Structures are given as structure tokens and as C-alpha cells.
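Student:
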Amino acid sequence: MARYETLFLLTPEFTKGEFSSFESAVQKLIAEHAGSLISCERWGKYHLAFPVRRNDYGIYGLVRYEVSDERKQGLLSALKTFFAVKYVDSVMRSMTVVLSDKRSLEYHRPESLEDMPARDVDTFLKENNMEGLSRSHRRTQEPVVKSDVEKE
Amino acid sequence: MSKKMKLKISTRLLKKKNKRNGFLSKQCRFCAHEENLGLMDYKNATFLRSFLTERGKILSSRISGNCAMHQRALSCEVKKARGMALLPYCAPHF
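So the protein sequences, as listed, match chains A and L.
Sequential numbering from 0 applies to the first sequence in numbering that gives the first Met the number 0.
Sequential numbering from 0 applies to the second sequence in numbering that gives the first Met the number 0.
Structural data, given as C-alpha cells:
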């Protein structure tokens, strides 16, 4: 039995509902070729290193599966067709890699935009000691009052 | 009497350098610690980014200290990551 993983890049407009239907379609395709799905994960939205199809952001997904040596060619070509033809508008990039039996299934992935804590302008300014620039700080400051001597 | 084989100039210079800076010579981090091999993966863009220059070029093994085998494997993983837009081919605005 050979183990494979396919990393694919989807357009940023791909919703979570659409991803679940995409996942079930992939699972069905793998089952048709007598394979077994190990995992299908949605990594989340990422800022891409360079624009792909004029998109600066994209959603990554990773699917891992297992298939016998006799049926692997059929499954791999079917998956390629699936990404390149059926979901041609949504899947921007895909890459299939053989998984070694010796290595574990654990992997590290970069932090997505959804994993990062949401920050607004005031939080950013506070973290970088620039509180004076924030609008709320300027509003709370008391107005400068000239003394009677200066007025005269 | 057998003649002593003279080494190539590059090997002689390398031996001389290592003799001089024996305690400073870099070790391949993947050969020294096997657990680092698991980090060398095209999906692990944060780890692979440390092997790129600010312009996005792959650092030579002379700078990174990798051995030839792991340098080849590393460059292969970086190129895979570049294809999937996890790493840049070149830095922007250059």
C-alpha cells in the first residue's frame, strides 16, 4: 500500500460549506479506486508569497490517502483530472507527493491568517508604544488652557 | 618505494582551513540532530525561510553549514514550496 498526500491551493472565496462538499467528492473518488482516506484538512486562509491568478490570498488544504500499488496510477490520474477539470476555477495549484513509510504523519505548517489573533489599530499602537497616535488617546487628552498672564 | 598521492588543491585547502579553524568549522544540523530531518518539509515554510536570503535565494552550503546530501534535499523542498506559493521565487520590489 502506497501513501500519498496532495496539497492544494483554493481561491480565497471558497467557503467552508463548499469545502465540505469538495472533501466528500474527494473521499468518494478515493473510495472508487479502492483507496482509503487518511485525513483531509483545511489549513485556512494564507497570504501567498506571490500573486497566483491575481489573488494575493488563498486557502490551503491537505488530503492524505492510501491506495494499493495496482490501483495507484488510476487514482492519481483521476485526482489530477478532478483538480484540473472539475474544479478548475477553484483549485489554483496542487501538488501530490509520496509519503515515506518510515516517517510519521506529523508535520508542521505555517500559521494561517485565521489562527493569528485579530488586531485592530489601537492594539497594534499599544503593543509598539505608539499610544499617542491613537484617536482615543487624543480625544481623552484635556485641551490646553492658556493662563491669565499669557492671555494678557 | 611507493609514491604518496597528492590531494587536489581544493581538498588540501579545505584540510588546511579545518586545521586552522577546527573549533569553528560548521556542522550540518541535519547530520548532528536527526530530529531536524522531520522539519525539512516543503509544507514547513517557516523553517525553510531561514535558509533563504532576504532576496529569496537559497543559501549556499558554505554559509548554512549543510552537507551536500542535505543541501540537495533542502533545495528540493524549497523548490516544491515555491511551486505551491508558500515561499517566494524572488523578493518583491527588487
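The beta carbon of each residue, even a glycine, is placed where N, CA and C say it ideally should be.
Note that the structure is predicted; figures quoted are calculated from it, not measured.
Does the distance from the CB of residue 41 (chain A) to the CB of residue 18 (chain A) come in under 7 Å?
Tutor: Translated into the one-based positions of the first sequence, residue 41 (chain A) becomes position 42. Translated into the one-based positions of the first sequence, residue 18 (chain A) becomes position 19. Contact: yes.
Student: Taking residue 22 (chain A) and residue 39 (chain A) to be in contact with their CB atoms under 8 Å, please state how far apart those CB atoms are, rounded to whole angstroms.
Tutor: For the purposes of this step, residue 22 (chain A) is taken as residue 23 along the first sequence, with counting starting at 1. For the purposes of this step, residue 39 (chain A) is taken as residue 40 along the first sequence, with counting starting at 1. Rounded, the Cβ-Cβ distance is 5 Å, consistent with contact.
Student: With C-beta atoms as the reference, is residue 44 (chain L) less than 7 Å away from residue 80 (chain L)?
Tutor: By one-based count along the second sequence, residue 44 (chain L) stands at place 45. By one-based count along the second sequence, residue 80 (chain L) stands at place 81. Against a cut-off of 7 Å, the Cβ pair of residue 80 (chain L) and residue 44 (chain L) comes out as a contact.
Student: If distances are taken between C-alpha atoms only, which option among A:96, A:69, A:55, A:33 comes closest to residue 9 (chain A)?
Tutor: Mapped onto the first sequence, residue 9 (chain A) falls at position 10. Out of A:96, A:69, A:55, A:33, A:55 has the C-alpha closest to the C-alpha of residue 9 (chain A).
Student: Quick check: what's the CA-CA separation for residue 63 (chain L) versus residue 11 (chain A)?
Tutor: For the purposes of this step, residue 63 (chain L) is identified with residue 64 of the second sequence, where counting begins at 1. For the purposes of this step, residue 11 (chain A) is identified with residue 12 of the first sequence, where counting begins at 1. Each residue's Cα considered, the two are about 35 Å apart.
Student: What I want to know is whether the C-beta of residue 111 (chain A) ends up closer than 6 Å to one or more non-hydrogen atoms of the ligand FMN.
Tutor: Within the structure as shown, the ligand FMN is missing, as the structure has no ligands at all.
Student: Cβ of residue 42 (chain L) less than 7 Å from any chain A Cβ?
Tutor: What you label residue 42 (chain L) is simply residue 43 of the second sequence in a count that begins at 1. Chain A has a Cβ within less than 7 Å of the Cβ of residue 42 (chain L).
Student: Between the alpha carbons of residue 31 (chain L) and residue 85 (chain L), how many angstroms are there, rounded?
Tutor: For the purposes of this step, residue 31 (chain L) is identified with residue 32 of the second sequence, where counting begins at 1. For the purposes of this step, residue 85 (chain L) is identified with residue 86 of the second sequence, where counting begins at 1. Approximately 27 Å between the Cα atoms of the pair.
Student: Note down, in chain order, each residue of its chain lying with its Cβ closer than 8 Å to the Cβ of residue 15 (chain A), except the 5 sequence neighbours on either side.
Tutor: Counting from 1 along the first sequence, the entry for residue 15 (chain A) is found at position 16. Around residue 15 (chain A), the same chain offers 41 as residues with beta carbons nearer than 8 Å, after the five sequence neighbours per side are excluded.
Student: Could you run through the region 20-49 of chain A and flag, in chain order, every residue whose CB is less than 7 Å away from some CB of chain L?
Tutor: 47, 48, 49
Student: Interface residues of chain L around residue 73 (chain A) at Cβ under 7 Å?
Tutor: Locating residue 73 (chain A) in the first sequence gives position 74, where the first residue counts as 1. None at all; the shortest Cβ gap to chain L is about 24 Å.
Student: For residue 92 (chain A), write down the residues that DSSP places opposite it in a beta bridge.
Tutor: Walking along the first sequence from the start, residue 92 (chain A) turns up at place 93. Answer is A:8.
Student: Rounded to whole angstroms, what's the CA-CA distance from residue 121 (chain A) to residue 33 (chain A)? Just pull it up for me.
Tutor: If you number the first sequence from 1, residue 121 (chain A) lands on position 122. If you number the first sequence from 1, residue 33 (chain A) lands on position 34. Between residue 121 (chain A) and residue 33 (chain A), the C-alpha separation is close to 55 Å.
Student: Chain L beta carbons: is any one of them nearer than 7 Å to that of residue 98 (chain A)?
Tutor: Position 99 of the first sequence, counted from the first residue, corresponds to residue 98 (chain A). No, residue 98 (chain A) does not count as interfacial toward chain L.
Student: I want to verify the contact list: residues of chain A whose CB lies under 7 Å from the CB of residue 83 (chain L), in sequence order.
Tutor: Along the second sequence, one-based indexing puts residue 83 (chain L) at 84. Residues of chain A passing the Cβ test: 6, 8, 92, 94.
Student: Name the chain L residues that come within less than 7 Å of residue 165 (chain A), Cβ to Cβ?
Tutor: In this structure chain A extends from 0 to 151, so residue 165 (chain A) is not present and cannot be described.
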